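Protein sequences, first through last, are from chains A and B. For the first sequence, the residue numbers in numbering that gives the first Met the number 0 are 0 to 315. For the second sequence, the residue numbers in numbering that gives the first Met the number 0 are 0 to 440. Where is the CB? At the ideal position from N, CA and C, for every residue including glycine. Source: prediction; values computed, not measured. Some notes on the structure that comes next.
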Amino acid sequence: MASSVISVQGVTKRYAGHTAVSALSLEVPAGGIFGLLGPNGAGKTTTIRMLLSIITPDEGRVVLFGGAGSGRELSARIGYLPEERGLYPKMRVLDQLAFLGEAKGMSRWDARKRAKVWLERLGLEDWTTRKVSDLSKGMQQKVQFAGALQHDPELVVLDEPFSGLDPVNSQVMRDVVVDVARSGRTVLFSTHIMEHAEKMCSRIAIIARGEKVLDGNLAEVKGQFGKSHVALTFTRNAGAAAGPLADRALVARVDDYGASAEVQLAAGADPEALLKALLAVDVGLSRFEVVEPSLQSIFIARVGADAAHPTARQEA
Amino acid sequence: MNKVFAVIRREFIERVRTKSFLIGTFLVPLLVGAFGYLPQLLARRDTGSKTIVVLDAASGPIGQVVTSRLGADSIGEGEGRKPRFLVVRLPAEGRLEQLRDSVVATIGLQEGPADAADGVLLLTEEAVEGGRISYLGDNAGSFRDMGALERLIGPALREERLQRKQADAAIIAAANVRLDLNSTKVTNGKATGQSGEQTFWLAYIVNLLMYMVLLLYGIQVMSAVIEEKSNRIVEVLVSSMSPFQLLMGKVIGVGASGLVQLGIWGVTGFYITATLASGGTGSGEAGVAADGTAASFSVPVISPELVAVILVFFLLGFFLYAGLYAAIGAMCNTQQEAQQANTPVTMCIGIAMVAVFALMNDPSSSLAKVFSLIPLFAPIVVPVRYAISPLPLAEVLLSVAAMVVGIVGVVWIAARIYRVGILSYGKKPSMKELWRWMRTA
C-alpha cells in the first residue's frame with residue numbers, strides 16, 4: 000500500500016471528566032474519499048482537530064504525508080472546513096477569502112485571484128464585494144468551502160460538510176468534493192449521514208465513543224457483512240409485518256424504518272421463506288430485494304450493538 | 000511572519016473601515032472643540048453695554064465716583080470698543096426701597112424701551128462703611144459683569160472709607176496696589192514659560208487621555224477575541240498559524256489603528272487649541288484676562304520629550320492591558336459575559352487614574368515613585384508625573400524596564416489562557432481550570 004497521507008497512531012485525548020478519543024489508529028491512503036463516520040459525540044471533531052494540530056493529543060501521534068511536521072506546519076498543503084462554520088460577518092467576501100488564503104501562506108495577490116476563480120465556480124461572482132452578513136446561510140457555507148479549497152491543497156479535511164445545506168447546494172458541494180478527489184487529491188470528511196458516505200466514499204472508518212469500531216474499503220466492509228440482507232417496503236398495514244420479522248429462524252436483525260425496513264437474514268435462512276411469510280400477513284409489499292447491507296444498517300448494527308448489547312460484538 | 004502581518008493588516012483595515020472608527024476619530028475632536036469653544040462663543044455673543052441705575056443713598060461724593068468709575072470701563076477693541084456699563088445715577092436718600100422697586104419692575108421685560116435698565120445698584124451708607132452692597136439685575140449670573148462690578152466698586156469704596164478717616168492721598172494710592180501672583184513652573188533648575196495652572200491642566204489632560212486610550216483599545220482587543228471565538232473562525236485560523244501569532248497580530252493591528260486615531264486626535268487637538276488661543280488674544284478678552292478677572296483657558300506647552308514619554312508608555316501600557324483583555328476575552332463566550340469578567344482589569348486602570356489625582360500635589364513623593372514601578376499603574380502615572388515635572392531619564396528607564404518585565408509575564412500567561420480559551424466553549428473557567436490551562440503544554 001502506498002504511504003498513508005494521514006497516519007493516526009494510537010492517539011488519545013482526554014478532557015476533564017471524559018476521554019474524547021481513546022487509542023485511535025487510522026490510515027488514510029493517498030487519493031480517494033475517506034469517510035469518518037460516527038454518532039454525535041463519537042470523537043470525530045476531536046480527531047480532526049488533532050490532525051490539524053488545533054489541539055495536541057495526550058498520547059500517540061499523527062503523521063501527515065509520511066514525514067515530519069505538524070498539521071499547522073504543513074497547513075499550506077491542507078484545506079480545512081470546520082464543523083462550526085465561521086466567517087467575519089462584517090468583512091467583504093473577497094477580502095475574507097484573500098485573508099484566509101494569506102493565512103495558508105499564499106501571497107495576497109495570488110489569494111485574490113484564486114478566490115475569484117472559486118467564487119465563480121460556486122456561482123457567487125456577483126457577491127465578491129458584499130459583506131458576508133448580507134449572504135444567505137447557504138452562500139456563506141459556499142464561501143467557506145471556497146476558503147478551504149482555494150489554495151489547491153493535497154489533503155482536504157471537511158468536518159460535517161453537508162450539514163445544514165438544502166438539497167441543491169448539498170449536491171453542488173458533493174460534486175465539488177468528487178471533482179477534488181478525481182484530480183488525485185485526498186479528501187477526508189466526517190459525517191453521521193450514511194447515505195452521503197455510502198455514495199461518495201471509497202474507504203470508511205466508523206468510530207464510537209472515541210474508539211474505532213471498524214474501518215477499511217467500503218466494498219470489503221460490506222462484504223464482511225455478507226449478502227444476506229433484504230430491503231422491504233410496505234404500502235399498508237406495516238404493523239402486521241412485525242410477526243414474520245420477529246421469527247428468529249428467518250431473521251437475525253431488523254432495522255425498522257416504519258414504512259420500510261432492512262432485514263438481516265438468519266444464518267442459512269431462505270429469502271423466499273421470508274417472502275412467503277410476509278405475503279401471508281398482507282402488508283402491501285412493494286419492494287422485496289436481496290441486497291448488500293447498507294452502510295446505515297452496518298452502522299446501526301455495529302454502533303447500536305456497542306451501545307445497547309455489549310455481547311453482540313462476538314456474534315458479528 | 001507573513002501570517003502575522005496578514006492578521007495585522009486585516010485587523011487594521013477592517014477596523015479603520017468601520018463607521019464607528021470614522022465617527023470616533025472625527026467626532027471626538029469636534030466635540031472637544033465644541034466644549035472648549037461654546038462657552039467662549041456664548042460669552043462673546045453677550046457683548047452689548049449694560050444699563051445700570053445707581054441708587055445713591057450714601058452721603059458725600061461716593062455716588063458720583065462710583066458712577067464715573069463704572070462708566071469708564073469698556074469692552075471690545077478698536078472699532079468695536081464701547082462702554083461696558085451705561086450708568087444713570089439717581090439720588091435716593093430716604094426713598095431707596097420705593098425707587099428700587101420701580102426700577103426692578105422694568106428689568107427683564109420683553110417689551111420696553113431699548114434703554115431700559117438691566118440692573119440696579121443700591122449704594123447705601125452701610126455699603127460704604129461695611130462693604131456690603133446689593134445689586135439686582137438680569138445679568139446677576141454673568142461672571143464677567145459681576146467681576147467687573149467688584150473690580151470697579153471695591154477700590155472706590157475703599158478709597159472713600161480711607162478718606163473718611165482722613166488718610167493721606169499717597170497712603171490711599173499705596174493701599175490700592177493690586178496683588179498679581181505670577182506663578183511660573185521651574186523645571187530642572189530652569190524657569191519655563193509655563194504657568195502653574197497650565198501645568199495642572201496638562202497633567203489632567205494627559206491623565207484622562209491615557210486612561211481613555213488604554214481602556215478603549217484594551218476593550219477593543221477583548222471584543223475582537225470574542226468575535227473570532229463566537230464566529231468560530233478562530234478554528235480555521237489556528238489550523239494555519241499558532242495562537243500566539245494570531246494574538247500578536249490582533250494586538251498589533253488594534254494598536255496600530257489606535258495610534259492612527261490618537262495621531263488624528265492629536266493633530267486636530269493641537270489645531271483647535273492653537274486657533275482658540277490665537278482667537279482669544281485677538282479679541283477683547285485679552286484685556287479682561289490681563290486684568291486677572293476672567294483668565295481664559297490657555298494652551299499648555301507640550302515638549303517633544305513629553306510626547307515621546309506619552310507614546311512610549313501608551314504602547315507599553317497597551318501591550319500589557321491588551322494581553323490581559325485578550326485573556327479575558329478568550330475565557331468568555333459573549334460580550335455580556337466579558338463585560339463582567341473584565342472588571343478587575345478595568346479597575347486597575349481606574350485605580351491608576353484616581354491615584355494620579357492624589358499624586359499631582361507631590362509628584363516626586365516616594366508613593367509616586369512606587370506607583371511608577373508597578374507595571375499596571377505606570378502607563379498612566381509616569382506620563383502624568385512627566386507632564387507635571389520632567390523625571391530624570393534613569394527613573395523613566397527604570398519604569399520602562401519594569402513595564403517590559405510586566406509585559407513579558409502578562410503576555411506569557413495571557414497567551415496560555417488564550418490558546419486554550421479560544422477553543423473552549425461553555426461555562427466560564429474557574430480559577431482552578433485557568434491554572435490547568437496555564438500548565439498544559
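Status (buried if at least 16 other CB within 10 Å, exposed otherwise) for residue i
{"i": "residue 286 of chain A", "result": "exposed"}
{"i": "residue 159 of chain A", "result": "buried"}
{"i": "residue 170 of chain B", "result": "exposed"}
{"i": "residue 235 of chain A", "result": "exposed"}
{"i": "residue 84 of chain B", "result": "buried"}
{"i": "residue 434 of chain B", "result": "exposed"}
{"i": "residue 164 of chain B", "result": "exposed"}
{"i": "residue 198 of chain B", "result": "buried"}
{"i": "residue 206 of chain B", "result": "buried"}
{"i": "residue 167 of chain B", "result": "exposed"}
{"i": "residue 16 of chain A", "result": "exposed"}
{"i": "residue 135 of chain A", "result": "exposed"}
{"i": "residue 97 of chain B", "result": "exposed"}
Which of helix, strand or coil DSSP assigns to residue i
{"i": "residue 150 of chain A", "result": "coil"}
{"i": "residue 25 of chain B", "result": "helix"}
{"i": "residue 424 of chain B", "result": "coil"}
{"i": "residue 355 of chain A", "result": "Absent from the structure is residue 355 of chain A, since the part of chain A shown begins at 0 and ends at 315."}
{"i": "residue 11 of chain A", "result": "strand"}
{"i": "residue 195 of chain A", "result": "helix"}
{"i": "residue 32 of chain A", "result": "strand"}
{"i": "residue 83 of chain A", "result": "coil"}
{"i": "residue 202 of chain A", "result": "strand"}
{"i": "residue 262 of chain A", "result": "strand"}
{"i": "residue 292 of chain A", "result": "coil"}
{"i": "residue 94 of chain B", "result": "coil"}
{"i": "residue 94 of chain A", "result": "helix"}
{"i": "residue 142 of chain B", "result": "helix"}
{"i": "residue 210 of chain A", "result": "strand"}
{"i": "residue 66 of chain A", "result": "strand"}
{"i": "residue 124 of chain B", "result": "helix"}
{"i": "residue 230 of chain B", "result": "helix"}
8 angstroms Cβ cutoff, residue i in contact with chain A
{"i": "residue 235 of chain B", "result": "yes"}
{"i": "residue 221 of chain B", "result": "no"}
{"i": "residue 83 of chain B", "result": "no"}
{"i": "residue 329 of chain B", "result": "no"}
{"i": "residue 296 of chain B", "result": "Summary for residue 296 of chain B: the model assigns pLDDT 47, below 50, so the residue's position carries little reliability; its value from the coordinates is reported in the next sentence. So no, residue 296 of chain B is outside the interface."}
{"i": "residue 2 of chain B", "result": "yes"}
{"i": "residue 240 of chain B", "result": "yes"}
{"i": "residue 21 of chain B", "result": "no"}
{"i": "residue 218 of chain B", "result": "no"}
{"i": "residue 10 of chain B", "result": "no"}
{"i": "residue 332 of chain B", "result": "no"}
{"i": "residue 18 of chain B", "result": "no"}
{"i": "residue 379 of chain B", "result": "no"}
{"i": "residue 14 of chain B", "result": "no"}
{"i": "residue 232 of chain B", "result": "yes"}
{"i": "residue 255 of chain B", "result": "no"}
{"i": "residue 5 of chain B", "result": "yes"}
{"i": "residue 438 of chain B", "result": "no"}
Beta carbon proximity, residue i to chain B, threshold 8 angstroms
{"i": "residue 102 of chain A", "result": "yes"}
{"i": "residue 98 of chain A", "result": "yes"}
{"i": "residue 74 of chain A", "result": "yes"}
**OP:** Report the residues of the segment 50 to 70 of chain A with a CB closer than 8 angstroms to any CB of chain B, ordered along the chain.
**Re:** 51, 52, 53, 54, 55 and 70
Original post:
Of the residues that make up the segment 78 to 91 of chain A, which ones have a beta carbon closer than 9 angstroms to any beta carbon in chain B?
Top reply: 79, 80, 81, 82, 83, 84, 85, 86, 87, 88, 89 and 90
**OP:** Count the C-beta pairs between the segment 331 to 347 of chain B and the segment 405 to 415 of chain B that are closer than 8 angstroms, then say yes if the count reaches three, no if not.
**Re:** no
**OP:** Decide if the segment 211 to 220 of chain A is in contact with the segment 291 to 302 of chain A; the criterion is three or more beta carbon pairs, one per stretch, under 8 angstroms apart.
**Re:** yes
Subject >> the segment 244 to 263 of chain B contacting the segment 356 to 376 of chain B, beta-carbon criterion three pairs below 8 angstroms >> reply: no
**OP:** Inspect the CB distances between the segment 114 to 128 of chain A and the segment 140 to 149 of chain A and report whether three or more fall short of 8 angstroms.
**Re:** yes
Original post:
When the Cβ atoms of the segment 163 to 174 of chain A are set against those of the segment 4 to 20 of chain A, are three or more pairs found closer than 8 angstroms?
Top reply: no
Original post:
Relative to chain A, which residues along the segment 410 to 425 of chain B have a C-beta separation below 7 angstroms, given in chain order?
Top reply: 422
**OP:** Report yes or no: do the segment 151 to 163 of chain B and the segment 121 to 134 of chain B share at least 3 C-beta pairs separated by less than 8 angstroms?
**Re:** yes
Original post:
Counting Cβ pairs closer than 8 angstroms, one from the segment 148 to 158 of chain A and one from the segment 183 to 191 of chain A, do we hit at least three?
Top reply: yes
**OP:** For the segment 7 to 19 of chain B and the segment 58 to 71 of chain B, state whether three or more C-beta atom pairs, one from each stretch, are separated by less than 8 angstroms.
**Re:** no
Original post:
Is there contact between the segment 414 to 431 of chain B and the segment 394 to 403 of chain B, where contact requires at least three CB pairs shorter than 8 angstroms?
Top reply: no
**OP:** Report yes or no: do the segment 419 to 427 of chain B and the segment 324 to 336 of chain B share at least 3 C-beta pairs separated by less than 8 angstroms?
**Re:** yes
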